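Written below as structure tokens is the structure these notes are about.
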Amino acid sequence: MGRGGGHNFSPSSMITFLLIIAFYSLTTNASFTPSDNYLIDCGSPQNTILDDGRTFKSDPQSVSFLSTDENIFATTNSLPQNTSLPLYKTARIFDTESIYKFLVFQQGRHFLRLYFYPLQHPSYNLTNAVFTVKTADGLVLLHDFSPANNIDSYYKEYLINVASDDFSLCFSPLKKSFAFVNGIEFVSAPNELVPDSAATVFPVGVFNGVAGYDMQVVHRVNVGGPMVSPKNDTLSRTWLSDTDGYMKFPKGDKVVSIDPSLVVYPAGGATPLIAPNQVYSSAGSMADSGVSIANFNLTWEMDVDPGFNYLVRLHFCDILSASLNSLYFNVYVNGFTGVSGLDLSTLTSGLATAYYKDFVLNATAVSNGMIRVQVGPSDLETVTPNAILNGLEIMKMRNSAGSLDGVFSSKSHNSRGGPRTTTIAEAIGVVIGIIVLLILIVSLIRRKNNAKGYDEGGNSFTSWFLPANASYCSSLLSSKSKSKTSYSSVLFSKVGLGKSFTFNELKEATKNFDESAVIGVGGFGKVYIGEIVKGTKLAIKRGNAKSSQGINEFLTEIELLSKLRHRHLVSLIGYCDENSEMILVYEYMANGPLRDHIYGSSLPTLTWRQRLEISIGAARGLHYLHTGGLSEGIIHRDVKTTNILLDENFVAKVSDFGLSKTGPTLDQTHVSTAVKGSFGYLDPEYFRRQQLTEKSDVYSFGVVLFEILCARPALDPTLPREQVNLAEWAMQKQRKGVIEMIVDPTIKKTISSESLIKYVEAAEKCLAEYGVDRPSMGDVLWNLEFALQLQDASMQLDPPAEDDTCKAKVKIMEPEKPKKDEDKTIDSDVSILINDDSGVVMGAPLFNKIQSFEGR
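Just so you know, the working numbering puts 801 at position 767 of the sequence shown, and the rest follows in order with no gaps.
Okay, structure coming up:
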């Protein structure tokens with residue numbers, strides 16, 4: 035690179051150097067041959083060869099891909115400005131729903147690229163076309179798409195996971211409208227293109243399971259360089275120049291570049307499949323500001339749809355520095371710190387070496403429909419202030435409704451209130467109609483069923499297994515048909531609830547539903563543990579159609595969680611619908627409820643670090659419910675240690691959504707509802723006012739945090755009066771600064787004082803008397819992650835000896851006492867008797883004041 039003087043190479047050094055060059059040559063010229071490679075020029079009478087050498091086959095000559103008899107084509111010699119792509123010269127038009135179907139030779143991630151340009155046609159004004167594009171498994175790619183509202187965007191690109199032997203693409207025109215498409219690419223992509231985890235910036239943490247998401251590539255930018263065409267990209271991608279409106283501070287931007295052949299791809303890191311060397315060979319850097327202290331950030335802004343999570347990939351390559359460890363800078367995403375003091379040479383062990391960093395930006399952090407990426411100097415004064423960025427990609431992640439566009443997001447494609455407004459109103463009307471119909475059907479069935487349920491003893495189902503990715507299927511419960519194909523079966527197949535198991539498979543898995551396999555019992559039926567194939571354990575919930583006990587909670591689980599999927603929510607695997615059976619199959623949580631690992635069992639004690647990680651996992655699940663699920667959010671309403679389950683790796687997953695409610699809308703502050711929940715965890719403000727908010731879950735989670743710390747039940751009537759209620763007892767000790775007195779003795783020696791302070795601070799804030807004074811679950815999550823970092827830092831600096839005693843002294847200022855007229859707590863004279871599932875004896879006058887209370 036022209037940096038440094040001459041060198042004398044020894045023979046061994048020369049061999050090493052030649053090996054490096056050989057490896058470099060192999061990696062830089064790396065290629066990828068897709069197993070599936072379908073390129074179609076729709077409506078074209080002959081094949082079309084692009085300047086990059088790819089051949090798009092004639093659509094009319096490839097009719098085997100298309101399930102339609104319509105032969106409506108449009109052709110023109112004119113093209114959109116700034117493009118010479120011949121695919122835009124022809125189009126195929128559809129009056130009715132039409133499907134392209136492709137055989138899949140290798141399952142996994144695929145590129146799907148769609149081309150739209152409204153050509154002139156004597157009978158069809160394509161600018162008026164309104165249509166939806168979705169896949170056979172229900173993934174919505176475009177909803178009520180209209181080129182009139184997307185005049186600057188004729189090209190759509192997706193990264194889709196394909197798990198079957200074929201792939202279908204459905205074009206559905208709006209009523210009295212039509213659909214069209216100019217070109218289609220369906221091509222295999224390297225599965226390693228999207229890793230499974232990425233950093234999160236708000237809250238700070240790690241987002242796992244990224245590889246399982248379908249995505250839309252919204253922006254792909256070559257910073258500091260020209261547009262990179264598919265001809266110069268191994269995967270036929272297009273990289274736009276950041277001069278196309280992305281760079282928001284051009285006066286502060288100084289472009290730097292090197293010969294692309296000098297870019298090095300490190301072993302185990304970035305490859306040409308991640309980004310071509312043309313991207314890494316140019317960069318935007320900080321221009322000389324003419325002042326002694328440079329204090330500005332380089333800024334790029336991209337328009338995006340609100341209501342979605344986004345994968346933000348940033349590409350870096352230090353082509354600026356003359357020596358190692360001389361460039362340190364900060365990276366920001368939407369104002370949040372992504373990386374502080376980034377030192378590329380330490381990460382890559384060299385200069386001009388490709389590196390990329392992935393972030394997941396939560397939908398709640400996307401404001402004003404924009405993502406802003408910034409780089410700026412760090413606060414280190416030992417180096418010359420500078421910062422660089424070589425490339426960036428913004429990928430929209432499929433939301434919990436299985437959509438990448440449309441009514442399932444908060445994006446309105448027609449700001450003037452055109453067809454989209456009508457569609458939303460129609461959709462709401464249809465949903466309301468279906469709900470009313472289902473209620474009527476269920477009511478009729480209940481009247482006909484006089485038989486007693488499975489469990490007359492009143493045993494409650496502690497919900498080890500709850501649906502986290504089911505689709506709306508309440509009509510399951512109305513299916514009484516004894517035919518082999520019932521109405522609920524049709525619904526199941528349409529909504530993609532998961533794998534369809536045969537009744538014999540489940541019967542064999544549970545050894546004919548042997549009583550010894552029962553791991554849970556409820557009014558709806560029983561839950562069995564079963565093995566399907568190769569020792570894979572599943573939880574099998576068999577509904578009892580003759581019993582109405584627990585049906586409402588069972589329905590709530592399905593309805594509220596029909597559009598949710600998260601690493602920290604227990605997942606639905608599949609179903610069985612034969613012979614009027616109603617069976618759902620869930621992942622098996624091998625380590626059961628969290629409570630069993632804290633107290634009341636002979637299981638090994640969890641370490642403090644394990645407890646922190648479990649707390650963080652549960653907080654992530656609840657934070658997702660509050661912010662990443664339905665547009666109004668979901669309030670769990672029964673957060674407790676028996677509803678936090680642990681898998682074989684002790685990953686925490688929230689369960690039991692039978693009492694859950696959708697949160698308040700934007701114009702509401704709370705949901706008025708009957709009081710439900712578990713004593714010991716119940717939010718006192720919710721109890722008094724019957725007004726439910728997300729902060730009710732926060733209060734319950736605060737109790738859980740102290741339960742984890744102290745290893746005792748939330749309520750224990752066998753203890754002295756002042757110790758019965760854990761929340762009150764812990765807060766009393768906290769105010770006196772002696773919280774360490776009630777810490778679980780088995781972990782007491784291992785907790786650092788800093789970690790304990792931050793953890794207790796988080797729990798204390800959760801238990802504030804009034805919801806407005808409690809933090810959000812996002813804030814709680816941040817504090818818990820900080821507590822974990824403090825614990826790890828302490829262990830690295832001063833590992834505890836086996837005979838050390840806990841020296842943690844929590845010194846938090848005693849909170850200001852509320853005014854007398856606000857100091858309202860639950861009457862201490864109330865007599866509460868509980869069992870493990872919070873059954874309640876309500877004999878005190880306080881309970882008579884709230885007639886609608888229902889205990890669990």
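Where a beta carbon is used, it is the ideal one built from N, C-alpha and C, also for glycine. All values reported here derive from a predicted model rather than from experimental measurement.
Spatially closest choice to Lys210 from Asp248, Ser231 and Asn159, by CA coordinates: As a working mapping, residue 210 is identified with position 176 in the sequence shown. It is Asn159.
Grab me the residues of Ala797's own chain with a C-beta within less than 6 Å of its C-beta, minus the 5 sequence neighbours each way, in chain order. Translated into the one-based positions of the sequence shown, residue 797 becomes position 763. Hits under 6 Å: Gly736, Leu739 and Phe740.
Euclidean distance between Cα positions of Asn364 and Asp171: In the sequence shown, counting from the first residue as 1, residue 364 sits at position 330. In the sequence shown, counting from the first residue as 1, residue 171 sits at position 137. Each residue's Cα considered, the two are about 41 Å apart.
In chain order, each beta strand (DSSP E) run of at least 3 residues that lies wholly inside the segment 319-406: 332-337, 344-350, 363-367, 370-376 and 389-395
On the criterion of 16 or more Cβ atoms from any shown chain inside 10 Å, does Asp672 qualify as buried, or is it exposed? Mapped onto the sequence shown, residue 672 falls at position 638. When all chains shown are included, Asp672 counts as buried.
Please classify Arg808: is it buried, with 16 or more other beta-carbons within 10 angstroms of its beta-carbon, or exposed? Taking the first residue of the sequence shown as position 1, residue 808 is located at position 774. Its Cβ being crowded by 16 or more others within 10 Å, Arg808 is buried.
Helix, strand or coil for Glu621, going by three-state DSSP, please let me know. Taking the first residue of the sequence shown as position 1, residue 621 is located at position 587. The answer is strand: DSSP assigns Glu621 an E or B state.
Taking only the alpha-carbon atoms, compute the straight-line gap between Lys799 and Gly403 and give it to the nearest angstrom. Translated into positions along the sequence shown, residue 799 becomes position 765. Translated into positions along the sequence shown, residue 403 becomes position 369. In this model, Lys799 and Gly403 are separated by some 32 Å (Cα to Cα).
What would DSSP say about His253, mapped onto helix, strand or coil? Within the sequence shown, the letter at position 219 stands for residue 253. Correct three-state label for His253: strand.
By the 10 Å Cβ neighbour count, where 16 or more other Cβ atoms means buried, how is Gln825 classified, buried or exposed? Indexing the sequence shown from 1 puts residue 825 at position 791. So Gln825 ends up on the buried side.
Measuring straight from C-alpha to C-alpha, what distance separates Thr169 and Leu203? Here residue 169 is taken as the residue at index 135 of the sequence shown, counted from 1. Here residue 203 is taken as the residue at index 169 of the sequence shown, counted from 1. A straight-line Cα-Cα distance of about 5 Å links Thr169 and Leu203.
Helix or strand or just coil, what does DSSP make of Gly557? Working through the sequence shown from its first residue, we reach residue 557 at position 523. Here Gly557 scores only 49 on pLDDT, less than 50, and its place in the model should not be relied on; the value that follows carries that caveat. Note: Gly557 maps to coil in three-state DSSP.
Which residues does DSSP list as the beta-bridge partners of Ser231? Stepping through the sequence shown from its first residue, residue 231 is reached at position 197. Answer is Asn242, bridged to Ser231.
Sequence-distant residues of the same chain with beta carbon closer than 6 Å to Asp857, five excluded per side: Translated into the one-based positions of the sequence shown, residue 857 becomes position 823. Caution applies to Asp857, whose pLDDT of 35 falls short of 50 and renders its modelled position unreliable; the value that the coordinates give is listed next. The beta carbon of Asp857 is closer than 6 Å to none in its chain, skipping five residues each way along the sequence.
What is the rounded straight-line gap between the Cα of Ser316 and the Cα of Asp778? Here residue 316 refers to the residue found at position 282 of the sequence shown. Here residue 778 refers to the residue found at position 744 of the sequence shown. Spanning the alpha carbons of Ser316 and Asp778 requires a straight line of approximately 56 Å.
Which first and last residues belong to the beta strand (DSSP E) in which Gly655 is found? As a position in the sequence shown, residue 655 is number 621, starting the count at 1. Segment Trp642 to Thr661 is the alpha helix (DSSP H) holding Gly655; no beta strand (DSSP E) there.
Can you give me the start and stop residues for the alpha helix (DSSP H) that Ala796 sits inside? Here residue 796 is taken as the residue at index 762 of the sequence shown, counted from 1. From DSSP, the alpha helix (DSSP H) with Ala796 extends over Ser787 to Cys800.
Buried versus exposed call for Arg254 [16 or more other C-beta atoms within 10 Å across all chains shown]: One-based indexing of the sequence shown puts residue 254 at position 220. It counts as buried.
Below 8 Å, how does it come out for the segment 272-289 and the segment 222-230: are there three or more Cβ pairs, yes or no? no
Which same chain residues, not among the five before or five after Ser231, have their C-beta less than 7 Å away from its C-beta? Sequence index remark: in the sequence shown, residue 231 carries index 197 (1-based). If we look at Ser231 and ignore the five residues flanking it on each side, its Cβ neighbours are Val240, Phe241, Asn242 and Val244.
Do the segment 761-775 and the segment 635-642 make contact, defined as three or more Cβ pairs closer than 8 Å? no
Using alpha carbons as the reference points, say which of Arg143, Ala213 and Tyr149 lies closest to Ala197. For the purposes of this step, residue 197 is taken as residue 163 along the sequence shown, with counting starting at 1. Nearest option by C-alpha distance: Arg143.
Let me know the beta strand (DSSP E) ranges lying completely inside the segment 264-298, each 3 residues or longer, listed in chain order. 287-291
Determine the burial state of Arg755: buried for a count of at least 16 other Cβ atoms within 10 Å of its Cβ, exposed for fewer. Against the sequence shown, residue 755 aligns to sequence position 721. Label assigned to Arg755: exposed.
What first and last residue would you give for the beta strand (DSSP E) that runs through Leu73? As a position in the sequence shown, residue 73 is number 39, starting the count at 1. Asn71 to Asp75 is the extent of the beta strand (DSSP E) around Leu73.
Counting C-beta neighbours from all protein chains within 10 Å, is the total for Pro411 16 or more, i.e. buried, or is it exposed? The sequence position of residue 411 within the sequence shown is 377, counting from 1. Per the 10 Å Cβ criterion, buried.
Buried or exposed for Glu728, going by 16 or more other Cβ atoms inside 10 Å? Along the sequence shown, one-based indexing puts residue 728 at 694. Buried is the call here.
To the nearest angstrom, how far is it from the Cα of Val814 to the Cα of Ile632? Sequence index remark: in the sequence shown, residue 814 carries index 780 (1-based). Sequence index remark: in the sequence shown, residue 632 carries index 598 (1-based). Rounded to the nearest angstrom, the two C-alpha atoms are 21 Å apart.
Rounding to the nearest angstrom, what Cα-Cα distance links Ile218 and Ala653 in this structure? For the purposes of this step, residue 218 is taken as residue 184 along the sequence shown, with counting starting at 1. For the purposes of this step, residue 653 is taken as residue 619 along the sequence shown, with counting starting at 1. Distance between the alpha carbons of Ile218 and Ala653 is about 42 Å.
For the beta strand (DSSP E) containing Asp178, name the first residue and the last one. The residue you call residue 178 lines up with position 144 of the sequence shown. Residues Val174 to Phe179.
Would you please state the rounded distance, in angstroms, between the beta carbons of Met429 and Leu193? I believe it to be under 8 Å. What you label residue 429 is simply residue 395 of the sequence shown in a count that begins at 1. What you label residue 193 is simply residue 159 of the sequence shown in a count that begins at 1. So it is a contact: roughly 7 Å between Cβ atoms.
Cutting at 7 Å between CB atoms, please list the residues of its own chain near Ala304, excluding the five before and the five after it. Locating residue 304 in the sequence shown gives position 270, where the first residue counts as 1. Only Ala388, Tyr389 and Tyr390 meet the Cβ criterion.
Unbroken alpha helix (DSSP H) run spanning Phe214, endpoints: For the purposes of this step, residue 214 is taken as residue 180 along the sequence shown, with counting starting at 1. No alpha helix (DSSP H) holds Phe214; the beta strand (DSSP E) holding it covers Ala213 to Val215.
Sub-8 Å separation of Ile563 and Tyr609 beta-carbons: As a first step, residue 563 is located in the sequence shown; it is residue number 529 there, counting from the start. As a first step, residue 609 is located in the sequence shown; it is residue number 575 there, counting from the start. Cβ distance not < 8 Å, so Ile563 and Tyr609 don't count as in contact.
Asp439 and Leu175 closer than 8 Å at C-beta: Taking the sequence shown and counting its residues from 1, one reaches residue 439 at position 405. Taking the sequence shown and counting its residues from 1, one reaches residue 175 at position 141. Yes, the pair counts as a contact, with Cβ atoms nearer than the cut-off.
Give the DSSP-derived three-state secondary structure of Pro94 in the structure shown. Residue numbering aside, residue 94 sits at position 60 when the sequence shown is read from its first letter. Pro94: helix per DSSP, three-state reduction.
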